[in-house]
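These notes are about the structure you will find just below.
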Amino acid sequence: MKKPTSRDVANLAGVSPSTVSFVLNDRKDISISDGTRLKVLDAAKQLNYTPNQFARGLKTNQSKLIGLIIPTITNPYYPMLTQSIEEYAASSGYNILLCNTYRKVENEEFYLNLLTNKSVDGIIYGFTPNYPQIACKISSSIPVVIIGEKDDTVKISTVALNSFMAGEMIGQHLISLGHKNIAFITSPLEGMSLSRQKRLHGIKSKLKEYNLEKNLVIKAESYENESNDSTYEIEIGYNLTSTLIKETKVTAVIGVNDMVAFGALNAINNMQLKVPEDISVCGFDNIYLSKVIRPGITTVDHLTFHRSKLAIDILINRMGNGDEDVYRVEYEPRLIVRESTGPV
DNA sequence: AGCCTCTTCGATCCTCAGCA
DNA sequence: TGCTGAGGATCGAAGAGGCT
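Using the working numbering, the first residue of the first sequence is number 516, and each one after it goes up by one.
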C-alpha cells in the first residue's frame, strides 16, 4: 500500500498539485474558489492524505522538529519539563525528539550529532551541557537554547534559574525555624553537576551569615556509584540519612532534589522518628510527587512551564527570524513551604 | 574501476495563461 | 483588471546509468 501523495489528491479532485498545496496550507495570498477548495478537501479526506514531512522539509528546509536533550527520565522533574516543552512547542507547530543522555558525556555527543544529521530545526538542552564546546560549535549552524545554569563563558542563549538563591532560600527558611544543625545530602557533586554545587553554595552562604557554616554536614554519594537506576536518588537519600542520624544530631536535612528528600523521609520514618517534629526535610525542584506524599515536602519551585515557554520562544525567534543575539535570562526561584519543615 | 551526470522522491511556490 | 489554477523549477540525497 503506497501512502497517498498530493498528486493523488490532485488527480482525484481534478486539479493540479499546486492547487492542493494552496488549499491544504490555507494560503491567504492566493484566492481559490469555494468549489475547488471543497473538491480538494473531499479528495484529501477520501484518501486519508497527510503531507509527507520529509518532502516538505526538502523544499522548505524546515523539519518542524526540535531536539530535546535531558540527562535522565527517572527524576520526575525531567518528564515535567519535557511535557511543558512539548505542549508549548506543539502549539507553535513543532514536534519534539527526546534524547536521554543517562548523564554520560559520550551519549550527549552522540545525540548532538544525531540531531544534526536528522536536520532538526533547533535543540533545547534541559540541563547545563557537560560538553559546552560541542554545543557551541553546533549552535553556529543550528539554534540551541539551554534551560540550565547561567554560564557567561558559553555563547548560547540560556534560560536559567538562580540555584544559588534557591539554596539561600532553603537555608533562610530553616534558620528562621530555629535550626542550627543542618545536613545537605546529595548525589555526586564532582565534575558535571553545576546546579548541585550552586545550591550548596547558596546554603553555605546563608549559614555563614548566621555563623552556622561550621555546623553544616555535607554527605555526598561518590561519583563512581552514580547510576541510572530509577530508584537511585531515593536510595541515596535513604542511605545517607540513615548514616547521618546514627552519626550526628541534625535537626534538618536538605536533599539536593525532591527525590533525594523522599529517600530521607523514608529513612526517618523507618527509624521511628517524626517529620517535622524530630527532623525537618526539604528538597529542590517542586516535582508533583512532593505535593502528593505525606508530609508534603518543602521545596523550591523552578517555574518550569515559564522557563520552557521562554526557551521555545527564543528558539523559534532564531529559527524563524535568524535572531543571532545570545540571551541570558535568569529566573528567581520560589520557596514552597509544606508540612515537612517545622520549628526545632 | 572511478567519476560524472541524470533521475527520482513529494511538497512548495513562483510565474504566467485563460477567462469573465 | 482581478480571479483562478496549471506548469514547472526547486530543495538534498541516493541510486542508476553512461562515459572514459
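Think of the CB as a built atom: it goes at the ideal place given N, C-alpha and C, for glycine as much as any other residue.
DSSP places ASN784 inside the alpha helix (DSSP H), whose first and last residues are 773–785. Listed in chain order, the non-local C-beta contacts of SER531 below 8 Å within the same chain comprise ALA525, local neighbours out to five positions each way being set aside. If you ignore the 5 residues before and after VAL620, its C-beta comes within less than 7 Å of the C-beta of ASN645 and TYR646, all in its own chain and listed in chain order. A direct Cα-to-Cα measurement between PRO594 and ILE588 gives close to 6 Å. Taking C-beta atoms under 8 Å as the contact rule, VAL815 and ALA675 fail to qualify, at a distance of about 14 Å. Of the candidates TYR725, LEU539 and GLY663, LEU539 places its Cα closest to the Cα of ARG571.
Below 8 Å, too few C-beta pairs join the segment 751–768 and the segment 715–729 to call them touching: fewer than three. Per DSSP, reduced to three states, the secondary structure at GLY682 is helical. It is roughly 9 Å from the alpha-carbon of HIS817 to the alpha-carbon of ILE802. By DSSP's assignment, ARG711 forms no beta bridge with any residue. In terms of CA proximity to ILE697, GLU728 leads the group PHE679, GLU728 and THR668. Beta-bridge partners of GLU845 (DSSP): ALA675. The continuous alpha helix (DSSP H) containing TYR603 extends over residues 592–606. With contacts defined as CB atoms closer than 7 Å, GLU623 and THR631 fail to qualify as a contacting pair. Note on ILE545: under 16 other CB atoms within 10 angstroms of its CB, so exposed under the neighbour-count rule. For ILE827, same chain residues with a beta-carbon under 6 Å away, outside a window of 5 residues either side, are TYR603 and ALA604 in chain order. DSSP places THR813 in the strand class (E or B) of the three-state scheme. Proximity to LYS723 across LEU755, LEU759 and GLY686 peaks at GLY686, based on C-alpha coordinates.
Measuring C-alpha to C-alpha distances from TYR725 to each of ILE760, GLN712, LEU689 and ASP744 identifies LEU689 as the nearest. Non-local C-beta neighbours of HIS694 in its own chain, meaning closer than 8 Å and more than five positions away in sequence, comprise THR766, ALA767, SER795 and VAL859, ordered along the chain.
A straight-line Cα-Cα distance of about 44 Å links PHE642 and ARG522. When the alpha-carbon of GLN598 is set against those of MET834, LEU830 and LYS824, the nearest one is in LYS824. Listed in chain order, the alpha helix (DSSP H) runs fully inside the segment 564–589 are 568–575, counting runs of at least 4 residues. DSSP, read as helix, strand or coil, puts SER691 in helix.
Judged by DSSP in its simplified three-state form, THR756 adopts helix.
The residues ALA782, in chain order, have a CB closer than 6 Å to that of SER757 in the same chain once the five nearest residues on each side in sequence are set aside.
PHE537 counts as buried, since at least 16 other C-beta atoms from the protein chains shown sit within 10 angstroms of its C-beta.
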